[in-house]
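Read through the structure below, which is laid out as structure tokens, and then see the notes.
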């Protein structure tokens, strides 16, 4: 059997590439996969908003938050989809209900169903929980959280205005895509009032574990809120430099003190790599690995499991460790496999190059001829030529300054996202 070089490349992206063919048509499996993703996207649009369930999650024990549920002027889902203008307006009587609440808070959080109730059900409560400490640490007061039925983005302006809030953060289900039916977006608007335009908002999108994780999204949203209140504006007037602040949080990494090689690793290179992985705070366990993408390596409950009898390339440990290092920290401890997210894959590749250089290893230890679908040499050449493969995300997460930084990549500011 001839190996298909596209197989490895498909791991790098959720996009539909190299689908193959059956005669003049697509293979049946790909047609069915497309139909399934399309059905999931349609279901996400039409799924009814379960506001009581979301309210219960937000008001869970330990979260001192009160919610109120309101509706837009769109009376049902069909009207909402056909009349976007009604989704931007409050239903009769709702403005008076909001105005009767305690007003004048710094921040009003609105949770809106938008075009994907599935996204709100899955992610809204977790994101609100991550946001609260940021606002409290900044000394900002919060209005009661508003849950909005049949809501478009601009409904947040009417809600924020009725509450008298200085700024509104609207969390809304984004238009479903074929690879992401549950993506949440956040829209930040300073001095909300009816008539604001999209040019007067800042947006943080693709909030979900497979995209922008809750912790990183909350950091970015909170930064925008603080910057907006200081500047007195959002939208085109406010440049999102939250990534630069994240990079400044830790100016350098203290030299790592590698522990003595643990028992069971007779190969000196494997022992050295494992010592580094453990020194940066990741767990490595010794155990049997029968079947895995990379021989002798598996991920179980957030730990790398290494089977030295099956391990063929010790450098593969750095690639898999890179996946654990750049994944959402909230998910790391329970991972049973590395993410198939294309962005994280590229970030893990850049991370593993930096790790190899940090250990004084030749990059070919990681980028060996048997890996990356035959593209190892090209990747090494790209990094040696100061290309930016995977670097933007590492910079965004504050893990490196990049090629133009001081010190430049492959120096890492920190090893874990």
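Residue numbers (our numbering): 50 to 466. Using N, Cα and C, we set each Cβ at its ideal position, and we do this for glycine too.
Cβ-based burial, residue 251 [other Cβ within 10 Å; buried from 16]: buried
Anyone know if the C-beta pair for residue 396 and residue 414 falls short of 8 angstroms? no
In the DSSP assignment, what are the bridge partners of residue 238? 217 and 250
Just verifying my parser: in three-state terms, what is the DSSP assignment at residue 298? For residue 298, the predicted model reports a pLDDT of 48, less than 50, meaning its position is unreliable; a value from the coordinates is still stated below. Reduced to three states, the DSSP call for residue 298 is coil.
Which stretch, first to last residue, makes up the alpha helix (DSSP H) that contains residue 126? 126 to 131
Closest residue to residue 238 among 88, 232, 248 and 64 (Cα-Cα distance): 248
When we look at the beta-carbon of residue 77 and count the other beta-carbons within 10 Å, is it buried (16 or more) or exposed? exposed
What beta strand (DSSP E) runs, 3 residues minimum, are completely inside the region 351 to 381? 352 to 355
Report the three-state DSSP secondary structure of residue 285 (helix, strand or coil). helix
Using 8 angstroms as the cut-off, can you tell me whether the region 380 to 400 makes contact with the region 336 to 354, which would need three or more C-beta pairs spanning the two stretches below that distance? yes
Name, in chain order, the residues that DSSP records as bridge partners for residue 198. 120
Excluding sequence positions up to five away, which residues of its chain have a Cβ less than 6 angstroms from the Cβ of residue 271? 183
Please report how far the alpha carbon of residue 275 lies from the alpha carbon of residue 233, in whole angstroms. 21 angstroms
Residue(s) in a DSSP beta bridge with residue 463: Paired residues: none, contrary to the question.
From what residue to what residue does the beta strand (DSSP E) around residue 157 run? 156 to 161
Could you tell me the boundaries of the beta strand (DSSP E) in which residue 346 lies? 346 to 349
CA-CA distance, residue 185 and residue 371? 33 angstroms
Specify the secondary structure class of residue 439 as computed by DSSP and reduced to three states. coil
Cβ-Cβ distance between residue 458 and residue 447 below 8 angstroms: no
Quick check: residue 141 and residue 231, are their CB atoms within less than 8 angstroms of each other? no
Quick check on residue 115: buried or exposed, where buried means 16 or more other Cβ atoms within 10 Å of its Cβ? exposed
Quick one: Cα of residue 362 to Cα of residue 321, how far? 13 angstroms
Got a sec, what are the start and stop residues for the beta strand (DSSP E) residue 335 sits in? 332 to 335
Within 10 angstroms of its Cβ, does residue 260 collect 16 or more other Cβ (buried), or is it exposed? buried
What residue from 253, 245, 213 and 214 has the CA that sits closest to residue 222's CA? 253
Who are the near neighbours of residue 210 in its chain, counting only those whose CB is closer than 7 angstroms to its CB and skipping five residues on each side? 241, 242 and 243
Sub-8 angstroms separation of residue 412 and residue 429 beta-carbons: yes
Among 327, 207, 205 and 377, nearest to residue 392 - alpha-carbon criterion: 377
Boundaries of the alpha helix (DSSP H) in which residue 101 is found, first to last residue: 100 to 107
Assuming the contact rule is C-beta atoms closer than 8 angstroms, residue 346 and residue 369 should be a hit. Round their C-beta distance to whole Å, please. 5 angstroms
Could you spell out the range, first to last residue, of the alpha helix (DSSP H) harbouring residue 452? No alpha helix (DSSP H) contains residue 452, which DSSP labels as neither H nor E.
Is the separation between the beta-carbon of residue 228 and that of residue 63 shorter than 8 angstroms? yes
Using 8 angstroms as the Cβ pair cut-off and three pairs as the minimum, do the region 171 to 179 and the region 101 to 108 touch? yes
Thinking C-beta only, is residue 164 closer than 8 angstroms to residue 225? yes
I need the straight-line Cα distance from residue 400 to residue 214, nearest angstrom please. 42 angstroms
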